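For the sequence shown, the UniProt record's numbering begins at 1 and goes up steadily by one.
Cβ atoms here follow ideal geometry from the backbone N, Cα and C, with glycine treated the same way.
The structure displayed is predicted, hence computed values, not measured ones.
One structure is given below, encoded as C-alpha cells.
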Amino acid sequence: MNMPYRFNFTEFKKKKLEERDEAYDYYCKCDFEGEMELYTEGELKDHSHFLKILGNPLRLQILKILSHAEFCVCAISEILGQQQTLVSHHLSKLKSAGIVEERQEGKYRIYSIRDKRVKQILATLVDGS
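Here it is as C-alpha cells:
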C-alpha cells in the first residue's frame with residue numbers, strides 16, 4: 001500500500017473535469033477544496049497497532065480503571081473479578097506497547113497510564129463525540 005502523504009483534492013477535481021470523466025461528473029459531489037494530509041506508512045502502522053491493543057474489552061476496562069489512579073495488579077483483578085494472571089497478561093501487553101508503565105513499590109508493581117492519548121480516547125468514548 002503506497003499512499004501519498006498529501007493529497008490535493010482541488011487538483012484532482014480539476015484534472016477529472018478536464019478529462020471529461022463522465023462517471024466522475026455524475027457520481028462525485030464532494031464539496032472539499034484544498035489539500036489534505038494523510039498518514040505516512042509508519043504513522044499508519046503505529047496508529048493501527050495502538051488501536052488494536054486498545055481493541056480488547058478487558059484491556060479497555062483496565063485502562064478505564066487506571067484513568068482514575070495508579071493500581072497494583074491485585075487491586076485491578078479484584079475490581080474486575082478476574083484472575084490475577086489474566087490481568088497481568090493484559091498489563092504486560094499494554095506495557096510492551098508503551099501504553100502503561102509500572103513502578104516497584106515494595107513487593108507490589110504499581111501500574112499507571114503512560115500514553116496521554118489514552119485518557120483523551122476514553123473521554124471521547126464517554127462523551128460519544
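1) Please check the pair Lys93 and Arg114, which I expect to be a contact at CB under 8 Å, by giving their CB distance rounded to whole angstroms.
2) For residue 183, which option in Cys72, Gln84, Leu63 has the closest C-alpha, if you only look at C-alpha atoms?
3) To the nearest angstrom, how far is the alpha carbon of Val118 from that of Thr85?
4) Assign His68 to one of two classes, buried (16 or more other C-beta atoms within 10 Å of its C-beta) or exposed (fewer than that).
5) Can you list, in chain order, the residues of its chain with a C-beta nearer than 8 Å to that of Gln83? Leave out the 5 residues immediately preceding and following it.
6) I believe Tyr111 touches Leu91 by the beta-carbon criterion, under 8 Å. Please report the beta-carbon distance rounded to the nearest angstrom.
7) May I ask which residues mark the beginning and end of the alpha helix (DSSP H) holding Ile110?
8) Considering only the beta carbon of each residue, do Phe12 and Met36 sit closer than 8 Å?
9) Thinking just about the alpha-carbon of each residue, which of Gly42, Leu125, Asp127, Ile65 is nearest to the one in Val100?
Short version:
1) Numbered from 1 along the sequence shown, position 93 holds the residue referred to as residue 93. Numbered from 1 along the sequence shown, position 114 holds the residue referred to as residue 114. Actually they do not touch by this definition, with Cβ atoms about 13 Å apart.
2) Any property of residue 183 remains undetermined from this structure, which presents the chain solely from 1 to 129.
3) By one-based count along the sequence shown, residue 118 stands at place 118. By one-based count along the sequence shown, residue 85 stands at place 85. If I take the Cα positions, the gap works out to 23 Å.
4) As a working note, residue 68 is residue 68 in the sequence shown. His68 comes out exposed.
5) Working through the sequence shown from its first residue, we reach residue 83 at position 83. Counting only Cβ-Cβ distances below 8 Å, and skipping sequence neighbours, we find Ser77.
6) Here residue 111 is taken as the residue at index 111 of the sequence shown, counted from 1. Here residue 91 is taken as the residue at index 91 of the sequence shown, counted from 1. Contact between Tyr111 and Leu91 holds, since their C-beta atoms are separated by about 6 Å, short of 8 Å.
7) If you number the sequence shown from 1, residue 110 lands on position 110. Segment 108 to 113 is the beta strand (DSSP E) holding Ile110; no alpha helix (DSSP H) there.
8) In the sequence shown, the residue the question calls residue 12 occupies position 12. In the sequence shown, the residue the question calls residue 36 occupies position 36. No; because the gap between Cβ atoms is not below 8 Å, this pair is not in contact.
9) For the purposes of this step, residue 100 is taken as residue 100 along the sequence shown, with counting starting at 1. The shortest Cα separation from Val100 among Gly42, Leu125, Asp127, Ile65 belongs to Ile65.
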